[in-house]
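Student:
Number of protein chains: 6
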Amino acid sequence: MQARALNPEENFIESEPYYEITGDEIAIFEAAYQNKLPVLLKGPTGCGKTRFMEYMAWRLKRPLITVSCHDDLTASDLVGRFLVKGGETVWVDGPLARSVRAGAICYLDEIVEARKDTMVVIHPLADDRRALPMEKLGTLLEANQEFCLAISYNPGYQSVLKDLKQSTRQRFVALEFDYPTQELERKIIASESGIAPDLAEKLVKFAHMTRNLKGSGLEEGASTRLLVHAGKLIKSGVSPVSACRSAIAQAITDDSEMLAAVQELSSSLF
Amino acid sequence: MQARALNPEENFIESEPYYEITGDEIAIFEAAYQNKLPVLLKGPTGCGKTRFMEYMAWRLKRPLITVSCHDDLTASDLVGRFLVKGGETVWVDGPLARSVRAGAICYLDEIVEARKDTMVVIHPLADDRRALPMEKLGTLLEANQEFCLAISYNPGYQSVLKDLKQSTRQRFVALEFDYPTQELERKIIASESGIAPDLAEKLVKFAHMTRNLKGSGLEEGASTRLLVHAGKLIKSGVSPVSACRSAIAQAITDDSEMLAAVQELSSSLF
Amino acid sequence: MQARALNPEENFIESEPYYEITGDEIAIFEAAYQNKLPVLLKGPTGCGKTRFMEYMAWRLKRPLITVSCHDDLTASDLVGRFLVKGGETVWVDGPLARSVRAGAICYLDEIVEARKDTMVVIHPLADDRRALPMEKLGTLLEANQEFCLAISYNPGYQSVLKDLKQSTRQRFVALEFDYPTQELERKIIASESGIAPDLAEKLVKFAHMTRNLKGSGLEEGASTRLLVHAGKLIKSGVSPVSACRSAIAQAITDDSEMLAAVQELSSSLF
Amino acid sequence: MQARALNPEENFIESEPYYEITGDEIAIFEAAYQNKLPVLLKGPTGCGKTRFMEYMAWRLKRPLITVSCHDDLTASDLVGRFLVKGGETVWVDGPLARSVRAGAICYLDEIVEARKDTMVVIHPLADDRRALPMEKLGTLLEANQEFCLAISYNPGYQSVLKDLKQSTRQRFVALEFDYPTQELERKIIASESGIAPDLAEKLVKFAHMTRNLKGSGLEEGASTRLLVHAGKLIKSGVSPVSACRSAIAQAITDDSEMLAAVQELSSSLF
Amino acid sequence: MQARALNPEENFIESEPYYEITGDEIAIFEAAYQNKLPVLLKGPTGCGKTRFMEYMAWRLKRPLITVSCHDDLTASDLVGRFLVKGGETVWVDGPLARSVRAGAICYLDEIVEARKDTMVVIHPLADDRRALPMEKLGTLLEANQEFCLAISYNPGYQSVLKDLKQSTRQRFVALEFDYPTQELERKIIASESGIAPDLAEKLVKFAHMTRNLKGSGLEEGASTRLLVHAGKLIKSGVSPVSACRSAIAQAITDDSEMLAAVQELSSSLF
Amino acid sequence: MQARALNPEENFIESEPYYEITGDEIAIFEAAYQNKLPVLLKGPTGCGKTRFMEYMAWRLKRPLITVSCHDDLTASDLVGRFLVKGGETVWVDGPLARSVRAGAICYLDEIVEARKDTMVVIHPLADDRRALPMEKLGTLLEANQEFCLAISYNPGYQSVLKDLKQSTRQRFVALEFDYPTQELERKIIASESGIAPDLAEKLVKFAHMTRNLKGSGLEEGASTRLLVHAGKLIKSGVSPVSACRSAIAQAITDDSEMLAAVQELSSSLF
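Residue numbers (full-length UniProt numbering), protein chains in the order written: chain A, 1 to 270; chain B, 1 to 270; chain C, 1 to 270; chain D, 1 to 270; chain E, 1 to 270; chain F, 1 to 270.
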């Protein structure tokens with residue numbers, strides 16, 4: 001069996017992740033970290049928020065515990081619960097309690113997807129109390145010095161029902177993310193997929209075309225991640241036009257007219 | 001008792017499934033598999049997506065674990081849960097964890113039907129982390145080299161509530177499926193039901209008539225599967241008109257006027 | 001204690017049920033059974049679908065396991081669950097798993113009333129895989145040769161929310177049922193209730209009057225079953241007018257004007 | 001401790017309940033009982049449906065098990081469930097299973113209030129199968145000869161959401177109940193509360209005045225039960241006007257104008 | 001530790017509660033109690049319903065068990081449930097079963113807030129059966145002679161969703177409560193807070209001003225309880241204007257214009 | 001492991017919290033405390049309600065137990081529940097029961113977010129009964145002399161669904177909070193972040209500009225807490241413009257036009 005299982009708090013990022021700096025995001029994250037202020041990352045899918053967190057975890061030498069939030073994620077999922085094992089009831093810390101104890105960086109991805117009680121359980125951790133009430137244990141857990149809380153969300157998706165309340169957001173230092181510059185994105189694609197720079201440049205051009213269609217029939221343009229996917233398929237021998245269709249066009253839309261239009265754009269490039 | 005029970009990870013497809021190639025779908029799936037990219041199959045019901053997965057599982061020599069998704073399918077159903085057995089609590093892996101450990105192909109059929117937490121649990125498996133967070137076990141399971149994730153959905157059915165979010169779809173290489181060509185479909189029906197080619201051709205013609213009615217009173221036309229059903233009934237001695245009524249017309253609609261119209265089409269053919 | 005408890009898979013129909021053939025329904029059901037295709041029965045309440053299933057179970061000499069579906073019926077109710085008995089956890093098969101193992105006919109009555117996960121659990125049983133994934137046991141149960149799946153629904157009741165999806169219905173051979181012919185219905189009533197043929201004929205006339213009111217104030221006309229009820233009350237000494245009021249009119253509507261109109265119809269006959 | 005606990009199936013009605021016949025309801029109920037047909041009682045609150053059931057239970061010498069249905073009543077509440085006692089899991093029959101085994105009359109009061117699965121669990125009991133599927137036990141319980149199923153509902157309250165489906169109602173012999181005649185009601189009140197006949201007559205007049213206001217500001221008029229309440233208060237020394245206000249007017253409405261109007265009616269009588 | 005825990009059925013009111021009679025409410029309650037009829041108290045918040053129940057419990061020398069009803073209160077919360085203790089399952093009576101056994105007065109405060117099954121569980125207790133079906137125990141508990149059921153609700157708050165059904169209300173003798181007369185209210189405030197009669201009179205005047213604003217921007221006027229609160233703050237040295245603002249104005253509204261208006265009223269008085 | 005766990009009732013505030021008095025809030029809270037009246041704090045997020053509670057807890061020398069309320073908080077979460085430990089069932093007090101026993105100040109933050117049953121469980125604690133019914137234990141817990149109940153909510157956020165009912169609010173003495181005066185706020189920021197008074201003054205000016213935009217595109221202006229965050233980032237070397245963007249502008253809005261406008265305001269100041 002080759003699958004490897006590890007404890008979340010052992011999840012140290014051992015080698016420097018590939019990350020290209022785009023502004024003062026590292027300085028502000030570090031200032032927030034020194035002042036024990038929690039951080040909120042905003043931005044579209046696939047633009048590098050998760051990679052940035054991996055980079056900061058490596059830089060700050062702290063384990064990174066990521067939780068992908070969803071509709072059914074409750075406070076208990078984060079804090080922990082009692083489990084019956086061998087007739088005995090044992091407490092099992094959730095990822096948030098683990099992070100608080102171990103001084104890890106806890107990254108709650110797409111926080112607004114979670115149930116409302118999860119928002120509230122992070123409130124005392126996100127102000128100067130820095131404490132996690134573990135009500136089922138009947139204890140109040142004061143955070144380790146190194147503990148750091150980060151959350152992310154994509155403002156483009158928010159509806160009235162799934163919004164960050166002011167009483168939550170006014171606890172965080174906020175960083176906004178976007179797609180990298182054309183130059184930088186070309187470099188990233190070539191580096192991650194191994195294709196030639198001119199092909200990478202064409203993929204970036206193609207991505208910009210789709211990003212310009214955002215709001216005119218496309219919900220979102222092609223992310224940097226999709227360009228890397230297309231590069232990898234090309235590298236494996238798939239034709240650029242086929243790769244753009246499967247890795248990019250079909251991945252961003254189901255609309256047949258839009259697919260035809262996007263396909264035409266790719267044909268004009270390759 | 002003749003019913004046979006087997007472990008899902010032993011579900012190797014032993015003999016080559018009958019599959020007719022329609023384009024570059026096999027090459028793209030193999031390139032995605034080599035690059036450890038997850039795959040998304042799109043297309044209408046009964047057009048061969050499940051058969052394609054069986055074919056690729058046979059070709060890649062990996063066990064195939066299929067999960068039919070539904071409204072109540074939760075992340076725990078996929079990842080696993082604790083069960084009490086003989087006073088002792090034991091962990092039972094769900095089909096996704098089994099696949100991750102065994103290096104199987106995990107095929108989540110009609111993924112958008114599942115609850116939202118299932119979408120999120122596959123996110124870290126569907127990017128370059130390739131890890132499954134098993135929160136109740138408190139471990140992070142890194143996927144076996146051979147593990148492959150595939151999902152399917154039918155774009156024709158999607159509503160606002162049941163749509164694939166961009167943050168999910170922009171992780172997959174997407175393949176679009178459709179009904180086979182007329183020539184190919186005739187071949188499939190004759191081969192699977194054992195009826196004569198000219199009868200198979202008439203069934204294909206009948207199917208095309210119903211497919212042209214899609215949107216004008218029919219939600220969906222007759223799938224290849226239904227043509228095979230009709231062929232089998234005919235082979236067992238049912239008259240072609242009766243077989244078309246029971247296996248095709250009554251199976252695709254309840255509307256009495258539409259039933260009469262479709263019945264007239266079949267009478268004109270047989 | 002005279003109540004008798006038996007295992008569902010012992011539910012063989014021992015004596016031939018009273019069933020009057022109306023078309024080629026028996027031939028088509030047998031052809032579907034031989035080809036291992038699942039069957040869908042459509043039609044209004046009380047027109048004989050359940051009786052037909054009893055007749056086919058008797059004819060095919062297979063036990064019949066019927067499940068009346070409802071809003072809260074889940075996949076676990078069909079597949080099975082773990083129960084704690086004497087400190088030990090034991091698995092108890094649900095009616096679907098029992099049928100699959102025993103090669104019984106499993107008849108899911110009013111399938112669209114069930115929760116969505118039940119639809120999906122029957123998908124792999126309803127195509128050529130003929131396998132039941134038992135996820136809590138971690139096994140895949142391949143169906144016995146004799147196993148047969150049948151479902152029913154009443155198209156007249158379906159709403160947008162409770163409809164059979166194309167991906168479900170395009171797996172079944174469909175048979176449509178309706179009320180018997182006038183001649184046949186008279187015969188059935190006389191035979192089941194023991195009243196004289198002329199009285200039975202009047203009841204059938206009365207039923208046709210109510211069926212003609214369907215859509216003009218009546219949701220549904222009187223079913224054959226209700227005519228049998230009225231016949232039995234008359235046989236026990238209740239006057240025909242009283243019997244029609246209690247067994248038919250009051251059973252099909254609460255509307256006082258409609259009740260008066262229906263009552264007048266019965267007075268004109270008896 | 002004077003509170004007395006007894007088993008539901010021992011609930012034989014020992015002395016003849018006070019019941020005044022209003023039509024052929026007894027003859028029809030007995031004919032239905034002889035033919036093993038289930039019975040549906042329709043009518044407004046407090047008009048004597050429960051008393052009629054007590055009377056029939058006494059007359060037929062069967063125990064009476066009554067279940068008041070509500071929004072959260074599930075099939076398990078009726079059929080039974082496993083309970084852990086002393087480390088051992090034991091099955092506890094619900095009131096419906098108890099009735100089926102003991103040959104009791106099971107009376108489901110206000111059936112439409114219950115959850116949908118309860119409707120369905122009574123279907124096989126309410127046709128000629130007369131069997132109760134106990135899915136958690138894995139048995140099919142065939143009803144005792146004497147078992148009788150009766151349900152009630154108040155058509156005046158039904159909404160689209162809470163209606164008796166045709167597939168349910170077309171299984172029952174239906175009896176309609178209403179308030180007793182003026183003469184009879186006077187007799188009932190005098191007999192149950194012990195007040196003089198002329199006072200009872202005034203109360204009946206008062207009730208008729210309120211019943212005439214149904215639909216013009218009153219949801220429902222005063223039931224026979226409320227007249228008995230008022231009679232009892234008067235017998236205990238409360239003035240008739242005060243008794244009518246507390247036992248009748250305030251019990252049927254909160255609207256201040258309607259209260260004033262109703263109060264004026266009572267002042268004109270007493 | 002000074003907190004004192006006692007069994008609900010020991011909750012005898014030992015000293016006469018301060019209660020000012022306003023009409024024939026005591027006589028009617030006693031007549032209902034003698035005739036074993038249940039009682040329904042109607043009226044606005046803070047007008048003395050709870051105090052009246054304490055007074056009647058003292059007068060009738062019965063323990064008083066109060067349950068504040070809410071959205072999630074189920075029948076099990078009232079009747080009781082099984083709990084596992086030391087490996088053994090024991091039954092724990094809920095407050096209603098305790099009252100029925102001990103012959104206590106059970107007071108269900110704001111009954112319409114509870115879930116629908118609670119309404120139904122009190123039905124057999126609220127008619128001449130006076131029995132509590134304890135379905136999980138499989139017993140029918142006949143009430144002790146002294147048992148008395150009382151419920152309350154505030155008609156001013158009711159919506160369509162939260163209304164007392166006729167089948168429930170037509171089981172009770174109903175008493176309507178309102179604020180005390182001006183004279184009486186002055187007496188109550190002076191007696192409960194210890195302030196001088198002229199200050200108490202000003203507070204009553206102020207309350208009447210706010211009660212006149214009900215419907216014109218205020219949902220409800222100041223209750224007697226709030227006047228006692230203001231009196232106590234004044235007695236502790238807070239200025240009358242501040243006391244009226246904190247104990248009354250801010251307690252009844254958040255609207256800034258209404259607050260200013262109410263504040264002006266209080267300034268004109270003090 | 002440096003994380004520290006403590007019992008909630010040991011949570012005494014040891015050193016005087018930094019709190020600037022703004023009116024008679026301390027006198028009124030103390031008068032309410034002496035008279036055993038519960039207190040309701042109203043006001044916007046981040047204006048100092050939590051700090052005020054810490055200050056009063058320090059001043060009154062009582063432990064402070066804070067519960068952040070949310071959509072899924074039930075009465076059981078506050079009162080306590082049975083847990084199975086080592087085969088034995090033990091009762092674990094919730095934070096409210098702990099407070100009642102220990103004579104702590106129990107502060108329920110954003111009470112209206114909680115489920116409805118929590119509102120009702122505090123009713124008997126919030127009137128002169130001062131008792132907590134612990135229904136699962138079957139006891140009534142009378143509060144310790146020192147016990148104090150305080151709740152908070154933000155009137156600006158309330159919707160029809162999430163409002164404080166009159167029957168709840170008319171039990172509390174209410175205190176309204178708002179942002180501190182300009183002078184005071186400058187002092188607070190300089191003291192908490194360590195930046196120079198003139199920079200603090202500019203931050204306060206900036207905050208007032210955003211507060212004036214409330215209702216014209218901003219849901220809420222910058223709170224005092226956010227100004228302290230910005231001050232800390234500046235102190236750590238981040239430029240004032242960057243600090244205002246990340247700690248304030250991005251924290252209060254996602255709207256790109258509003259962000260540009262707010263950014264311009266900050267550029268004009270720094």
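C-beta: ideal position from N, C-alpha, C; glycine also.
Taking Pro155/C as part of the alpha helix (DSSP H), name the residues at either end of that continuous run.
Tutor: Taking the first residue of the third sequence as position 1, residue 155/C is located at position 155. Element bounds for Pro155/C: n/a, residue is neither H nor E.
Student: What is the DSSP secondary structure of Met1/C, counted as helix, strand or coil?
Tutor: Numbered from 1 along the third sequence, position 1 holds the residue referred to as residue 1/C. Confidence is the limiting factor: at Met1/C the pLDDT is only 42, short of 50, which leaves the residue's position unreliable, though a coordinate-based value still follows. Of the three classes helix, strand and coil, the one that applies to Met1/C here is coil, per DSSP.
Student: From Ile151/A, Leu175/A and Asn35/A, pick the residue whose C-alpha is nearest to that of Asp24/A; which is it?
Tutor: Taking the first sequence and counting its residues from 1, the one referred to as residue 24/A is at position 24. Residue Leu175/A is the option with its Cα nearest to Asp24/A.
Student: Taking the beta strand (DSSP E) that Glu176/E falls in, what are its first and last residues?
Tutor: In the fifth sequence, the residue the question calls residue 176/E occupies position 176. Residues Val173 to Glu176.
Student: Would Gly138/A pass as an interface residue toward chain F - the criterion being a Cβ-Cβ separation below 7 Å?
Tutor: Locating residue 138/A in the first sequence gives position 138, counting from the first residue. Yes, because at least one Cβ of chain F sits closer than 7 Å to the Cβ of Gly138/A.
Student: Which one of Ser236/A, Asp127/A and Arg169/A has the shortest CA to CA distance from Gly48/F?
Tutor: Taking the first residue of the sixth sequence as position 1, residue 48/F is located at position 48. Nearest C-alpha to Gly48/F: Asp127/A.
Student: Quickly, what does DSSP pair Leu107/C with across the bridge? List them, please.
Tutor: Locating residue 107/C in the third sequence gives position 107, counting from the first residue. A small correction: the amino acid at residue 107/C is Tyr; Leu does not occupy that position in the sequence shown. Bridge partners of Tyr107/C: Thr66/C and Ala150/C.
Student: Going along chain F, which residues have a C-beta under 8 Å from Phe172/A?
Tutor: As a first step, residue 172/A must be located in the first sequence, where it is residue number 172. Ordered by position in chain F, the residues that pass the 8 Å Cβ test against Phe172/A are Ala251.
Student: Counting C-beta neighbours from all protein chains within 10 Å, is the total for Gly217/B 16 or more, i.e. buried, or is it exposed?
Tutor: Here residue 217/B corresponds to residue number 217 of the second sequence, with the count starting at 1. Gly217/B should be labelled exposed.
Student: Count the other CB atoms, across all protein chains shown, that sit within 10 Å of the CB of Arg62/F; report buried if there are 16 or more and exposed otherwise.
Tutor: Residue numbering aside, residue 62/F sits at position 62 when the sixth sequence is read from its first letter. Flag for Arg62/F reads buried.
Student: May I have the straight-line CA-CA distance separating Ser191/E from Arg171/F, to the nearest angstrom?
Tutor: Indexing the fifth sequence from 1 puts residue 191/E at position 191. Indexing the sixth sequence from 1 puts residue 171/F at position 171. Distance between the alpha carbons of Ser191/E and Arg171/F is about 19 Å.
Student: Mind pulling the beta strand (DSSP E) runs of 3 or more residues that sit fully within the UniProt domain "CbbQ/NirQ/NorQ C-terminal" (185-267) of chain E?
Tutor: Complete beta strand (DSSP E) runs here, min 3: none at all.
Student: List the residues of chain B whose Cβ lies closer than 8 Å to the Cβ of Glu185/C, in chain order.
Tutor: Counted from its first residue, the third sequence places residue 185/C at position 185. Chain B residues near Glu185/C: none, gap ~21 Å exceeds 8 Å.
Student: Output needed for Glu13/F: all residues of its chain with C-beta closer than 7 Å, excluding positions within five of it in sequence on either side, in chain order.
Tutor: Sequence index remark: in the sixth sequence, residue 13/F carries index 13 (1-based). Note that residue 13/F is Ile in the sequence shown here, rather than Glu. For Ile13/F, where only same-chain residues beyond five positions count, the Cβ hits under 7 Å are Glu54, Ala57, Trp58 and Leu64.
Student: Take Thr168/A and list the residues in its own chain whose beta-carbon comes closer than 6 Å to its own, dropping the five residues that flank it on each side.
Tutor: Position 168 of the first sequence, counting from 1, holds the residue named residue 168/A. Excluding positions up to five away in sequence, the list reads Met119.
Student: Ordered along the chain, which non-local residues of its own chain (more than five positions away) have a Cβ less than 8 Å from that of Lys165/B?
Tutor: In the second sequence, the residue the question calls residue 165/B occupies position 165. Correct list, in chain order: Met119.
Student: Would Thr210/F count as contacting chain A if we go by Cβ distances under 7 Å?
Tutor: Counting from 1 along the sixth sequence, the entry for residue 210/F is found at position 210. Output row for Thr210/F: interface = no.
Student: Under the rule that 16 or more other beta-carbon atoms within 10 Å means buried, what is Glu183/F, buried or exposed?
Tutor: If you number the sixth sequence from 1, residue 183/F lands on position 183. Glu183/F should be labelled exposed.
Student: Kindly indicate which residue of Lys235/A, Ala230/A and Ser256/A has the alpha-carbon position closest to the one of Ser246/A.
Tutor: As a position in the first sequence, residue 246/A is number 246, starting the count at 1. The shortest C-alpha separation from Ser246/A is found at Ala230/A.
Student: Over what stretch of residues does the alpha helix (DSSP H) that includes Lys42/F continue unbroken?
Tutor: The residue labelled residue 42/F in the question sits at position 42 within the sixth sequence. Here Lys42/F belongs to no alpha helix (DSSP H); instead the beta strand (DSSP E) covers Val39 to Lys42.
Student: Since I believe Arg98/A is in contact with Asp72/F (beta carbons under 8 Å), could you give me their beta-carbon distance rounded to a whole number of angstroms?
Tutor: Counting from 1 along the sixth sequence, the entry for residue 72/F is found at position 72. Counting from 1 along the first sequence, the entry for residue 98/A is found at position 98. That belief does not hold up - the Cβ atoms of Asp72/F and Arg98/A are roughly 22 Å apart, past 8 Å.
Student: Should Met1/A be labelled buried (16 or more other beta-carbon atoms within 10 Å of its own) or exposed?
Tutor: Reading the first sequence from its first residue, position 1 is the one you call residue 1/A. Legend: pLDDT at Met1/A = 42, less than 50; position of this residue unreliable, no value from coordinates given.
Student: Applying the criterion that 16 or more other CB atoms from any shown protein chain within 10 Å of the CB defines a buried residue, is Ala243/B buried or exposed?
Tutor: For the purposes of this step, residue 243/B is taken as the residue at position 243 of the second sequence. Ala243/B should be labelled buried.
Student: Ser68/C versus chain D: which residues are under 8 Å apart at the beta carbon?
Tutor: For the purposes of this step, residue 68/C is identified with residue 68 of the third sequence, where counting begins at 1. The answer, in chain order, is Val120, Val121, His123, Pro124 and Pro133.
Student: What do you reckon, are the CB atoms on Ala75/D and Asp109/D nearer than 7 Å?
Tutor: Numbered from its first residue, the fourth sequence carries residue 75/D at position 75. Numbered from its first residue, the fourth sequence carries residue 109/D at position 109. No.
Student: Does the beta-carbon distance from Ala251/E to Leu226/E come in below 7 Å?
Tutor: On the fifth sequence, residue 251/E is found 251 positions in, with the first residue counted as 1. On the fifth sequence, residue 226/E is found 226 positions in, with the first residue counted as 1. Contact flag set, yes.
Student: Distance cutoff 7 Å, beta carbons only. Does Leu46/E sit that close to anything in chain F?
Tutor: Here residue 46/E refers to the residue found at position 46 of the fifth sequence. It is worth fixing the name first, because residue 46/E is Gly in this sequence and not Leu. Output row for Gly46/E: interface = yes.
Student: Under 7 Å, do Leu141/E and Val204/E count as touching if we go by C-beta distance?
Tutor: Taking the first residue of the fifth sequence as position 1, residue 141/E is located at position 141. Taking the first residue of the fifth sequence as position 1, residue 204/E is located at position 204. No, they are not a contact pair.
Student: Compare the C-beta of Glu142/F against all C-beta atoms of chain E and say whether one is closer than 7 Å.
Tutor: Within the sixth sequence, the letter at position 142 stands for residue 142/F. Output row for Glu142/F: interface = yes.
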